[in-house]
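Comments concern the structure below.
Protein chains: 2
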Amino acid sequence: MSSVTSAVVLLSGGLDSTTTLAIARQEGFIVYAMTFRYGQRHEIEIEFARRIAKSFEVADHVVVDIDLQRWGGSALTGNAAVPKKNSVEEIGEEIPITYVPARNTIFLSFALAWAEVLAAQHIFIGVNALDYSGYPDCRPEYIRAFQAMANKATKAAVEGAPFTIHAPLIDLTKSDIIQRGMALGVDYAMTTSCYDPGTKGAACGRCDACLLRLRGFHENGIQDPIVYQPTR
Amino acid sequence: MSSVTSAVVLLSGGLDSTTTLAIARQEGFIVYAMTFRYGQRHEIEIEFARRIAKSFEVADHVVVDIDLQRWGGSALTGNAAVPKKNSVEEIGEEIPITYVPARNTIFLSFALAWAEVLAAQHIFIGVNALDYSGYPDCRPEYIRAFQAMANKATKAAVEGAPFTIHAPLIDLTKSDIIQRGMALGVDYAMTTSCYDPGTKGAACGRCDACLLRLRGFHENGIQDPIVYQPTR
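Sequence lines, in order, name chains E and P. With the working numbering applied, the first sequence covers 200 to 431. With the working numbering applied, the second sequence covers 200 to 431.
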């Protein structure tokens with residue numbers, strides 16, 4: 200792989216996307232990071248993303264404003280409460296109300312637009328189909344379908360420069376992801392995962408995202424370096 | 200088809216999308232119209248879209264703000280001039296610089312999000328693969344690929360309510376489209392097609408969109424009811 204190949208990396212400021220960024224860089228890509236302000240209640244993650252992008256010295260970082268609140272449909276963008284649980288075992292098989300309709304499709308569509316302008320043929324997304332919350336747009340068959348669509352949609356692909364959607368975490372457990380990131384020198388203190396953080400950014404410790412993260416650190420025998428709310 | 204079935208219709212304010220809206224309504228759908236302000240130089244089309252949505256008494260109309268100017272890549276959103284020609288014969292086979300990277304993919308992704316929240320399983324887009332400008336995201340194979348992707352991406356589809364992307368104009372000539380719209384009572388004086396209108400909205404008459412539109416009316420033996428700039 201050429202060391203001058205560019206990639207757009209979706210960066211939320213979370214554990215998964217930060218690890219994905221580290222992997223893209225290790226693979227030799229020049230990284231362009233893209234973050235979304237979409238009306239998420241955990242908007243503090245955007246500040247985390249900025250610091251991470253800066254620390255990784257990415258070639259460029261864009262924060263794209265989009266309005267997904269106009270029509271609601273999710274506990275992450277609406278008024279419904281984020282469900283809290285006492286343990287990871289309480290995470291069910293059903294798609295939870297934190298699902299945001301078509302979110303990854305919208306994110307990847309913007310990444311595709313930017314990649315085409317940059318003449319970058321690679322897009323990285325930190326979705327994960329194992330320790331996840333059952334979202335349909337985190338599955339391998341979804342990623343494959345998006346890539347196939349992207350290669351029908353764009354001038355670049357039609358003219359012989361197709362896109363590859365990389366989802367390097369897709370079949371890793373949260374524990375594997377953390378192990379991989381630690382080996383790459385990721386500082387997880389810079390990341391956030393909580394769906395419902397306190398005003399100072401402290402994680403709730405009881406939403407699906409927190410519970411999966413905490414288990415991942417626990418399984419590695421290390422302490423999660425971020426701050427949790429004292430109610431935990 | 201049930202008369203209470205809802206559909207999201209992408210409405211630009213142009214001739215094609217307005218005809219598409221008329222077709223969706225004739226087919227019995229409750230119409231939700233969606234328009235984008237994406238930094239297009241022909242932003243006046245948004246006002247046209249508002250008037251059209253009102254005249255068709257749609258159930259709801261959203262204008263979504265997205266920023267495609269941040270990275271450029273098109274004469275429609277950047278500083279490059281829109282190419283002007285003297286006749287429709289000058290429109291070449293190549294994809295022109297008015298192509299906006301991933302535009303229809305971004306538009307359809309937002310439509311998918313709204314449709315899922317509305318529990319609507321139908322999305323209409325007025326793309327056309329015959330009298331068009333060679334854009335890859337106006338072809339039938341693109342529409343099929345988007346639909347396949349949408350049905351992997353969403354909770355609704357996974358739970359048994361898949362989406363259909365309707366492109367009723369896809370194999371019609373511009374002349375056919377106008378004929379169809381006239382039969383449905385569309386008032387084309389309410390529409391705009393020009394990529395580079397004057398300050399008062401008068402069409403240039405010399406961009407690809409104007410030339411294709413003018414030929415469509417000419418072939419129907421009728422006068423285009425909109426105002427063109429006197430330089431024409």
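A virtual CB, placed ideally from N, CA and C, is assigned to each residue, including glycine. Keep in mind it's a predicted model, so treat the numbers as computed, not measured.
query, result
"For residue 311 (chain P), the nearest candidate out of P:324, P:336 and P:426 (CA to CA)", "P:324"
"Distance, residue 408 (chain P) Cα to residue 194 (chain P) Cα", "Because chain P is modelled from 200 through 431, residue 194 (chain P) falls outside the range shown and cannot be assessed."
"N-terminal and C-terminal residue of the beta strand (DSSP E) that residue 231 (chain E) is part of", "229-236"
"C-alpha distance - residue 237 (chain P) paired with residue 276 (chain P), whole-angstrom precision", "8 Å"
"Option nearest residue 211 (chain E) by Cα separation, candidates E:248, E:400 and E:354", "E:248"
"Proximity test, Cβ basis, 8 Å: residue 312 (chain E) and chain P", "yes"
"Inter-residue Cα distance where the pair is residue 214 (chain E) and residue 369 (chain E)", "14 Å"
"Delimiting residues of the alpha helix (DSSP H) encompassing residue 254 (chain P)", "244-254"
"Cβ contact (3+ pairs, closer than 8 Å) linking the segment 350-357 of chain P and the segment 420-428 of chain E", "no"
"Whole-Å CB distance - residue 219 (chain E) paired with residue 367 (chain E), under 8 Å assumed", "6 Å"
"Inter-stretch contact (C-beta, 8 Å, three-pair minimum) for the segment 291-307 of chain P and the segment 250-257 of chain E", "no"
"Residues sharing a beta bridge with residue 205 (chain E), DSSP", "E:229"
"Residue 348 (chain E): contacting residues in chain P (beta-carbon distance under 8 Å)", "304, 341, 344, 345, 347 and 348"
"Interface partners of residue 235 (chain P) on chain E, CB under 9 Å", "Result: empty, since nearest Cβ-Cβ is about 11 Å, beyond 9 Å."
"Chain-ordered residues of the segment 264-284 of chain E with a beta carbon less than 7 Å from chain B", "The chain labelled as chain B is not found among the protein chains of the depicted structure, namely E and P."
"Cβ pair count under 8 Å reaching 3, the segment 228-247 of chain E against the segment 386-399 of chain E", "yes"
"Top-ranked residue by Cα proximity to residue 304 (chain P), from P:288, P:291, P:322 and P:292", "P:322"
"Boundaries of the beta strand (DSSP E) in which residue 322 (chain E) is found, first to last residue", "321-323"
"Under 8 Å between C-beta atoms of residue 309 (chain E) and residue 262 (chain E)", "no"
"Sequence ranges, beta strand (DSSP E) only - wholly within the segment 325-394 of chain E, length at least 3", "363-365"
"For residue 260 (chain P), the three-state DSSP class (helix, strand or coil)", "strand"
"Exposed unless 16 or more other CB atoms sit within 10 angstroms - verdict on residue 415 (chain P)", "buried"
"Proximal residues to residue 349 (chain E) (C-beta, below 6 Å), its chain only, five neighbours per side dropped", "311 and 362"
"8 Å Cβ cutoff, residue 205 (chain P) in contact with chain E", "no"
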